[in-house]
Amino acid sequence: MLNEKVEQKLNEQIQKEFFSSYLYLSMEAYFKSVDLDGFANWYHIQAQEERDHAMKIYNYIDYVGGRIRLLPIQAPKGEYKSVREVLEDTLAHERMVTQSIYDIVDVAREHKDHKTDYFMQWYVKEQVEEENNSESNIKKLKISGEEGSGLFILDAEMGKRVYVPTPTGFDDGE
Ligand code: OFO
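Under our numbering, the first residue of the sequence shown carries the number 1269, and numbering increases by one thereafter.
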């Protein structure tokens, strides 16, 4: 079973992860609209990963006898003025998600819910990678420049990203 407060925080996190997926699909759509297909690919994969993050919590709640409750997903921002704006929004979003993950760990510890604390450590680690990727993309854009051949080369690199599904069980040995 799950503590009621922990269950509520986990259900809210499912919503945030699906919102992340929706947000990154919106960013993908922007890149498609300006013919940066490599960036579009990178964000498409990011959106797929976010769905995996949501499903991992979804499965966990059920596995430990809680009740999954899906919450509304708001519309994401749909317009961007530049590549830089998208990349900076991404970093800001991931930092917000990190805080949300830390908040769940705090609530789990407050209620002596060691299993959820243990489960959430996967997300603590994942967020280090998420923030690192977002920061790295901003640095690469500074090097490449926001137009011309530099951006063309960076777009090609972003196009090489390949989707690797995230295991969505309780403890997949990662
Ligand atoms: Fe789910 O890691 Fe990004 O938001």
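A virtual CB, placed ideally from N, CA and C, is assigned to each residue, including glycine.
Closest by C-alpha distance to Glu1425, out of Trp1310, Lys1380 and Glu1285, is Trp1310. Non-local C-beta neighbours of Leu1339 in its own chain, meaning closer than 7 Å and more than five positions away in sequence, comprise Asn1279, Glu1280 and Gln1283, ordered along the chain. Annotation for His1379 indicates a beta carbon at 7 Å or more from all heavy atoms of the ligand OFO. Residue environment for Lys1428: exposed (fewer than 16 other C-beta atoms within 10 angstroms of its C-beta).
Its Cα nearest to that of Lys1345, the residue Ser1289 stands out among His1321, Ser1289, Ser1412 and Asp1440. Beyond the five residues adjoining it in sequence on each side, Leu1270 comes within less than 6 Å, by CB distance, of Val1332 and Gly1334 in the same chain, given in chain order. Straight-line measurement puts the Cα of Trp1390 at about 25 Å from the Cα of Ile1406. The residue among Tyr1326, Asn1401 and Leu1419 with its C-alpha nearest the C-alpha of Met1388 is Tyr1326. Under the three-state reduction of DSSP, Tyr1328 is assigned to helix. Shown here for Arg1377: same chain residues with a beta carbon closer than 8 Å to its own, the five before and five after excluded, namely Asp1385 in chain order. Not one heavy atom of the ligand OFO lies closer than 7 Å to the C-beta of Gln1389. Bounds of the alpha helix (DSSP H) holding Gln1389 are His1382 to Ser1412.
The DSSP-derived three-state label of Leu1304 is coil. For Ala1360, the uninterrupted alpha helix (DSSP H) run begins and ends at Val1351 to Glu1378, by DSSP.
The straight-line gap separating the alpha-carbon atoms of Asp1330 and Ile1336 is approximately 7 Å. In this structure, Val1365 has its CB closer than 7 Å to one or more heavy atoms of the ligand OFO.
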